[in-house]
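Participant: Handing you this structure, nothing more for now.
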Amino acid sequence: MRNIVPARSATDKREYMARTLRPKIQRLLPEFLDAFPPLPAQTSPWPSAASGPLPLPDWDALCAEFGPLPNPFSGIGPGATSAEASAAPAFLPGETAARARLDAFLATGLSTYADDRNTPVGPAGALLSPYLHFGQISAQRVALCVLAVVGVPVAARDAFLEQLIVRRELAENFCLHTPDYDTPAAFPPWAEATLAKHQADPRPHLASGAELMDARTPDPPWNAAQRQLLGTGHMHGWLRMFWAKQLLLWSADAATALSRCLGLNDSLSLDGRDVNG
Ligand SMILES: Cc1cc2nc3c(=O)[nH]c(=O)nc-3n(C[C@H](O)[C@H](O)[C@H](O)COP(=O)(O)OP(=O)(O)OC[C@H]3O[C@@H](n4cnc5c(N)ncnc54)[C@H](O)[C@@H]3O)c2cc1C
Numbered sequence: 402m403r404n405i406v407p408a409r410s411a412t413d414k415r416e417y418m419a420r421t422l423r424p425k426i427q428r429l430l431p432e433f434l435d436a437f438p439p440l441p442a443q444t445s446p447w448p449s450a451a452s453g454p455l456p457l458p459d460w461d462a463l464c465a466e467f468g469p470l471p472n473p474f475s476g477i478g479p480g481a482t483s484a485e486a487s488a489a490p491a492f493l494p495g496e497t498a499a500r501a502r503l504d505a506f507l508a509t510g511l512s513t514y515a516d517d518r519n520t521p522v523g524p525a526g527a528l529l530s531p532y533l534h535f536g537q538i539s540a541q542r543v544a545l546c547v548l549a550v551v552g553v554p555v556a557a558r559d560a561f562l563e564q565l566i567v568r569r570e571l572a573e574n575f576c577l578h579t580p581d582y583d584t585p586a587a588f589p590p591w592a593e594a595t596l597a598k599h600q601a602d603p604r605p606h607l608a609s610g611a612e613l614m615d616a617r618t619p620d621p622p623w624n625a626a627q628r629q630l631l632g633t634g635h636m637h638g639w640l641r642m643f644w645a646k647q648l649l650l651w652s653a654d655a656a657t658a659l660s661r662c663l664g665l666n667d668s669l670s671l672d673g674r675d676v677n678g
């Protein structure tokens, strides 16, 4: 269950702004944001005695077939020291780790979320998107836990639920109702107009794909953001906007910039390949 309000129940058309989707979601929240029923105990043995234990994946065979890939779990980025390379991964996988991350956010991050959420340093975000992406925690569980915390400023709570529910479900609505949602065909007319107006602007540096991947562009802040992505598998949302827009400056056209942006985001972000991207 990805959303709290199913995308097809919220609306049957494309919503162009949070402003128009928000009231539709809010109207349906009392129906959908309800407590989870208790989980019935598992009674049948698993794996069953007849089938025997499940085989473990053959990692060596998989690596031989697909070759070495940049691995965000490993903490290795270009220029990483051996200490960085052996550092603990930024995100431990699994349901228990997801719950621990949520508990940490509820204890220390939530109360200042409204003021700090756009600050790329410090505990400004929940860092839950990889867990939400892989279904290791649900948005509904997160929302219920947030609503249960006592003493949190209403503005902080509402600012977080706006991202977790409205913005996230707006992204789902966009992909559901936009054909070719990941191509320039999905650009709105105002974006097409401004891109066309600036197509002939000078582009003194056209970056290669390798330069981008290896964080070797002429822009140190961009390289730092890219190194964070390579090293941790995550980038703060505010930085992501800067990181994505810069690609336009170093690419011959918007179609190339978009395809590079999606390629880097989807291969390096733990939360990539997601409607939010
Ligand atoms: C260029 C670009 C690429 C992005 N790619 C992805 C992606 O591949 N996967 C992804 O999950 N998010 C993506 N986002 C949205 C956002 O940046 C991340 O969801 C957020 O940074 C996740 O960190 P967090 O869990 O600490 O977020 P928090 O600020 O703690 O927010 C809580 C949750 O709300 C949701 N959320 C937050 N911001 C947004 C947003 N702008 N749109 C939709 N939902 C949001 C996420 O599920 C997030 O986990 C992208 C944003 C940009 C600008």
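Residue numbers (this note's numbering): 402 to 678.
The C-beta atom is built at its ideal place from N, Cα and C for all residues, glycine as well.
Note that the structure is a prediction, hence the values are computed from the model and not measured.
(1) Examine the Cβ distances between the region 531 to 545 and the region 428 to 438 and report whether three or more of them are shorter than 8 Å.
(2) Verify the contact flag: D500, CB atom, against every heavy atom of ligand 1, threshold strictly below 7 Å.
(3) Helix, strand or coil for G453, going by three-state DSSP, please let me know.
(4) For A572, which residues of its own chain have a beta-carbon under 6 Å away from its beta-carbon, when the five flanking residues on both sides are left out?
(5) Please determine, among L562, G610, G638 and T497, the residue with the shortest C-alpha to C-alpha distance to L659.
(6) Indicate the three-state DSSP secondary structure (helix, strand or coil) for P424 in the structure shown.
(7) Between the Cα of R420 and those of L511, R568 and D517, spot the shortest distance and give me the residue it belongs to.
(8) Quick one: measure Cβ to Cβ for L503 and C546, integer angstroms, because I've assumed they're closer than 8 Å.
(9) Taking 8 Å as the cut-off, decide whether the C-beta atoms of V406 and E570 are in contact.
(10) Mapping DSSP to helix, strand and coil, what is G638?
(11) Can you list, in chain order, the residues of its chain whose CB lies under 8 Å from that of P454, leaving out five sequence neighbours each side?
Facilitator: Considering the structure as presented:
(1) A contact exists between the region 531 to 545 and the region 428 to 438.
(2) First, the residue type needs correcting, since residue 500 is Arg and not Asp in the sequence shown. For R500, the distance from the CB to the nearest heavy atom of ligand 1 is not below 7 Å.
(3) Of the three classes helix, strand and coil, the one that applies to G453 here is coil, per DSSP.
(4) Leaving aside the five residues that flank A572 on each side, the residues in its chain whose CB is nearer than 6 Å to its CB run, in chain order, V676 and N677.
(5) It is G610.
(6) In the structure shown, P424 falls within a helical segment according to DSSP collapsed to helix, strand and coil.
(7) When C-alpha distances from R420 are compared across L511, R568 and D517, the shortest belongs to R568.
(8) Between C546 and L503 the Cβ distance is about 6 Å, and since that is below 8 Å, they are a contact.
(9) Between V406 and E570, the C-beta spacing is below 8 Å.
(10) Helix at G638.
(11) Cβ-Cβ distances below 8 Å link P454 to P448 in the same chain, with the five nearest sequence neighbours on each side left out; the list follows chain order.
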